[in-house]
Amino acid sequence: MNQPPPRVRVTGPRRGRSRRSTVVAEIDAQTVVGDIYIRSLMRGQLRLALAVTAVLLVAVASLPLVFERWPGFAAHRLLGVPLVWLLPGVACYPLLIALAWVYVRRAERNERAFGELVAQEPPWSEE
Amino acid sequence: MRDLAGTLSVIAIAAVALLTLAVGVFGLRISRTTSDFYVASRTVGPTVNAAAISGEYLSAASFLGVAGLIAARGPDMLWYPVGWTAGYLVLLLFVAAPLRRSRAYTVPDFAEFRLESSAARSTSSVLVVLIAVFYLVPQLRGAGLTVQILTGAPSWVGAGIVGVVVLVNVAAGGMRSITLVQAVQYWIKLVALVLPLAVILVLRSGGVHGAIHRIHAADWGSDWAPGGHSLYLTYSLIAATFLGTMGLPHVVVRYYTNNDGRTARRTTVVVIALLSAFYVLPPVYAGLARGYLHGSGNTDTIILGLPSAVLGGQLGDVLTAVLAAGAFAAFLSTSSGLVVSVAGVVGQDVLGRRIDAVPAFRMAAMLATVGALVLTAASSGLSVAHAVELAFAVSASTFCPLLLLGIWWRGLTGPGAIAGLVAGGGLSVAAVVAASVGATATGFLGDVLAQPALCTVPVAFVVMVGVSLATARHRPEHVARTLVRLHTPEAIQVDRGGFRARGSME
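Chain order of the listed sequences is E and V.
Each residue of the first sequence is one higher than the one before, counting from 645 in the numbering used here.
Each residue of the second sequence is one higher than the one before, counting from 1025 in the numbering used here.
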């Protein structure tokens, strides 16, 4: 009887890894993997921008409605000045600067993290 | 107005005009190539660039118009300066870094690059010219009013002076000179507004205790009381200013002069700080005007009368001249920026195909200025701040959706963008033209004509998204690569595609 030949392990170079070494290469080749990384960067930055926008809307853009709804609050005086003058006239500006500063720090942090991520090998790759 | 104030003001205005021209001619020696003309070759540091952006942005409306409006109509008008500052925050959040990374000089460049459609480019170019002219007209009108009230000369004199200085300067030096001029203009304007105020407060407040007493005893008015005003108008103003800043032609072109996306962001933070320092001042002028000036004159020139009314004598005349100098710095800087941006677009799109870029740039500057002068003579008496805000409304109804959707949504198509630009632009331009020729309506329609943005911005977004979804097969071929370029930091070595803005030397 003919015995089937014994099983042998076939090995070769790890072609998937060597062909594309980093995420940057995946992005350049416009693979699904590269696209996922770009989408995650965009989503992170967009979420940050929308969060800051939400603060802007609640803290600043809501004021005309608040003044309309609660005239007593609008007329309330701080340092002798009614809030309807003081909040949009002065107090808004430090808040706008602070929001801008916080946003820039976070956005740059997101980009640094992305830079470190894409310099590495992807954890999985397309074949 | 008294003779001395008139004479001193003429000297002050002449000094600002000559200073502007001198810096412009100095810049002529540096600007030689096409790239110098269009965007200063991006050799400008972020702090200088932030001062330049602010200097260019603080127009007749900020310097004269808004204080008068606040004095006449109360705290609802505070939303003008708040919106003009918050517009930069929105720009920072959604547009600043990606716009710089796109390497577009102008919105039409961006449209062509992102949508791969020359029709989208042409539509945007028409809108740039419209927005710039709507914005330029109130600057020239403010200049005419200022010269008229200070010297008695007819209003075309002031408008003509601004037109000639801007034209000589832009045609001679291009953007390089303008960047330096604009940075200086910010500080001229700030000092010109701070100095008279400081003198008035020191001499008339009666010390710290006197000032506190006056603040407590002052009549703060009741023009904000519920029912007495329209929330629609306030929120439409907020929509126009928060969303309109990102599309202004003279703002967009400045983002190219940043080195990279990161610098673009940091420049914007400095801009917000510089604008904040400036915009706390007009309400104080408005408060003083409420206390000292009881007649209801033209709101656009209220603050020019303040030093004489409060202090009188020669000191009042000198301070009036300081304000006149600041006002002219405002007219000149904003007008220069607008003419450069229009000239850039018209020069590239229309004239550039037949003649060389540099002569085209000069000829386009000439055409834009002369056109705006003619329109200024033809338009009716809309207040300067309101007229400027209408230019914001057009920008918010067109370029805001184009930039936001173009940067963050890969579904935007060329046909969708064009449909949205035509819908939002058509409606908002119709409202602006109606307001400019003095058409009015009663009730809600009247409010919509006065402040169209809250209606026209959503229309533009809905049309842009809707038509894009319906034309999904027209998605630009390279949209994936485009988004890589817009969002990936420059430090990462990645394929960004081959787009170069027209006339670019990069």
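Quick reminder that beta carbons are idealized off the backbone N, C-alpha and C, glycines included.
- In this structure, E/T666 places its C-beta atom within 8 Å of the C-beta atom of E/Q764.
- Under a criterion of Cβ atoms nearer than 7 Å, the residues of chain E adjacent to V/F1118 are, in order, A693.
- Counting C-beta pairs closer than 8 Å gives three or more between the stretch 1101 to 1109 of chain V and the stretch 725 to 736 of chain E, which meets the contact rule.
- Here the stretch 1403 to 1412 of chain V makes contact with the stretch 1089 to 1097 of chain V; the two share three or more CB pairs at distances below 8 Å.
- Residues of the same chain with a CB within less than 7 Å of the CB of V/Q1338, apart from the 5 flanking positions on each side, are L1028 in chain order.
- Residue range G1337 to V1370 is occupied by the alpha helix (DSSP H) that includes V/S1359.
- Burial of V/E1080 is indicated by the presence of at least 16 other C-beta atoms within 10 angstroms of its C-beta.
- For the stretch 684 to 716 of chain E, the residues whose beta carbon sits under 9 Å from a beta carbon of chain V are, in order, L685, M686, Q689, L690, L692, A693, L694, V696, T697, L700, V704, A705, L707, P708, L709, F711, E712, R713 and P715.
- With its beta carbon at least 8 Å from every one in chain E, V/L1214 lies outside the interface.
- Comparing alpha-carbon positions, the option among V/A1496, V/A1484, V/A1345 and V/I1442 lying closest to V/S1149 turns out to be V/I1442.
- Annotated three-state conformation of V/L1082 is coil, per DSSP.
- Less than 8 Å divides the Cβ of V/L1116 from the Cβ of E/Y747.
- Of all residues in the stretch 1073 to 1106 of chain V, those with a C-beta nearer than 9 Å to a C-beta of chain E are I1094, G1098, P1099, D1100, L1102, W1103, P1105 and V1106, reading in chain order.
- Distance from the CA atom of E/E755 to the CA atom of V/W1244, rounded to whole angstroms, is 48 Å.
- Of the candidates V/W1432, V/F1134, V/L1305 and V/R1520, the residue whose Cα lies closest to the Cα of V/L1214 is V/L1305.
- Straight-line spacing of the CA atoms in V/L1093 and V/T1512 works out to 44 Å.
- With contacts defined by Cβ atoms closer than 8 Å, V/V1040 and V/I1212 form a contacting pair.
- Under the three-state reduction of DSSP, E/P726 is assigned to strand.
- The beta carbon of E/I680 sits no closer than 8 Å to any beta carbon of chain V.
- In the three-state DSSP reduction, E/R721 falls in the strand class (E or B).
- Rounded to whole angstroms, V/V1275 and V/A1496 show a C-alpha spacing of 31 Å.
- Below 8 Å, enough C-beta pairs join the stretch 1473 to 1482 of chain V and the stretch 1451 to 1464 of chain V to call them touching: three or more.
- The beta carbon of E/Q674 falls within 8 Å of a beta carbon belonging to chain V, placing the residue at that interface.
- Sequence-ordered contacts of the stretch 730 to 750 of chain E with chain V read P732, G733, V734, C736, Y737, P738, L740, I741, L743, A744, W745, Y747 and V748 [C-beta pairs closer than 8 Å].
- Contiguous alpha helix (DSSP H) elements confined to the stretch 1190 to 1232 of chain V do not occur, taking only those with 4 or more residues.
- In this structure V/L1225 is exposed. Its beta-carbon is surrounded by fewer than 16 other beta-carbon atoms within 10 angstroms.
- Neighbourhood of E/P726 in chain V, by CB distance below 7 Å: W1244, in chain order.
- Identification of residues in the stretch 1320 to 1332 of chain V having a C-beta nearer than 8 Å to some C-beta of chain E yields an empty set.
- When secondary structure is reduced to three states using DSSP, V/R1499 falls in the coil class, being assigned neither helix nor strand.
- The beta carbons of V/S1300 and V/Q1206 sit no closer together than 8 Å.
- Against chain E, a Cβ distance below 9 Å from V/Q1206 picks out nothing, because the smallest value is about 21 Å.
- Within the stretch 1237 to 1318 of chain V, the complete alpha helix (DSSP H) segments of 4 residues or longer fall at 1255 to 1268, 1273 to 1279, 1285 to 1303 and 1305 to 1316, listed in chain order.
- In this structure, the beta-carbon distance from V/S1403 to V/S1359 does not fall below 8 Å.
- If you ignore the 5 residues before and after V/G1187, its C-beta comes within less than 6 Å of the C-beta of T1393 and L1397, all in its own chain and listed in chain order.
- Per the coordinates, the alpha-carbon of V/A1143 lies some 8 Å from the alpha-carbon of V/G1438.
- For the options V/V1334, V/V1152 and V/I1296, the alpha carbon positioned closest to that of E/L739 is the one of V/I1296.
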